[in-house]
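Visitor: Below you will find the structure I want to go over with you.
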Amino acid sequence: MIGISGATGAIYAIRLLERCRASGCETHLIASSAGVLNVHHELGLDRKALERLADHAYSPADVGAAIASGSFATHAMVVAPCSMKTLAAVAHGLSDNLMTRAADVTLKERRRLVLMVRETPFNLAHLRNMTAVTEMGGIIFPPLPAFYLRPQSIDELINDTVERVLALIGVEAASPKSWTGL
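Residue numbers (the numbering used here): 13 to 194.
This is the structure:
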C-alpha cells in the first residue's frame, strides 16, 4: 500500500508506484486531498492520472475498503510523503480516514509501515510522534539524500531513496546503491 498525504515530496510516491509496477508488485493507493493537491502542484498530475499509476486506488473516506481490515493480506505500507498531521494520527491511533486506518492495521498486524516524514525543523510534538510510531514498530524514514554516492542529478537522489525504501519493505527487485568504503 502507498499513501500520499499533504506534504511536499510527491515525486517519492510517484517513483514508488512506478518501481512497484515495474517490479510486479501490486499497489493499493490512498491519496488525501492535500496529497493530490501537492501531486498536482509539484508534478502537474490530477487525481485520475495519479490513480492510473496504481493497481487499485481508494478514497480516503472509504473506511469500509478491504484494506481497512487486517484480514486483507498486504506486505507493507509506505506513506510518501508523510505529513506531520498523518504522523500524529498514526502515532495516536486515530484511524480517522482510510490512510490512517490502513497504517493502524499495518502496525497491529506487525507488518512493515514506513513513514517518509517531510517537515523541518522538527518540534517536540513531531519528535514524540516519531518516537511513538517507532515504539509501535513503524519505521520513520525521512527522504534524506546520500551525497556520499555522488549523485549527478535530483533524479538520482530520488531513485536512490526510493530503492532504499523498496529494499526496506522487502521488494526483491530493489537495487539501492551500497557504500563500498573509501
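For each residue, glycine too, the CB sits at the ideal point set by N, CA and C.
Values in this document were obtained by computation on a predicted structure and should not be read as measured data.
May I ask which residues mark the beginning and end of the alpha helix (DSSP H) holding I166?
Guide: For I166, the enclosing alpha helix (DSSP H) covers residues I166 to L180.
Visitor: Here's the rule: buried if 16 or more other CB atoms are within 10 angstroms of the residue's CB, otherwise exposed. What is L28?
Guide: Under this definition L28 is a buried residue.
Visitor: Can you tell me the Cα-Cα spacing of T39 and S190, whole angstroms?
Guide: 26 Å
Visitor: Between which two residues does the beta strand (DSSP E) containing C32 stretch?
Guide: Not the beta strand (DSSP E): C32 falls in the alpha helix (DSSP H), residues A22 to S35.
Visitor: Please state the DSSP three-state secondary structure of H40.
Guide: strand
Visitor: What's the gap between the Cα of V90 and the Cα of L194?
Guide: 32 Å
Visitor: If we ignore side chains and look at the alpha-carbon of each, how far apart do A78 and F84 end up?
Guide: 6 Å
Visitor: Three Cβ pairs or more, each shorter than 8 Å: is that satisfied between the segment 143 to 157 and the segment 118 to 129?
Guide: yes
Visitor: Could you give the distance in angstroms between the alpha-carbon of V145 and the alpha-carbon of V102?
Guide: 7 Å
Visitor: Taking just the CA atoms, how far does N50 sit from H87?
Guide: 26 Å
Visitor: Give a yes or no on whether the C-beta atoms belonging to I14 and A25 are separated by under 7 Å.
Guide: The Cβ atoms of I14 and A25 sit closer than 7 Å to each other.
Visitor: Taking only the alpha-carbon atoms, compute the straight-line gap between A185 and E30 and give it to the nearest angstrom.
Guide: For A185 and E30, the distance between alpha carbons rounds to 13 Å.
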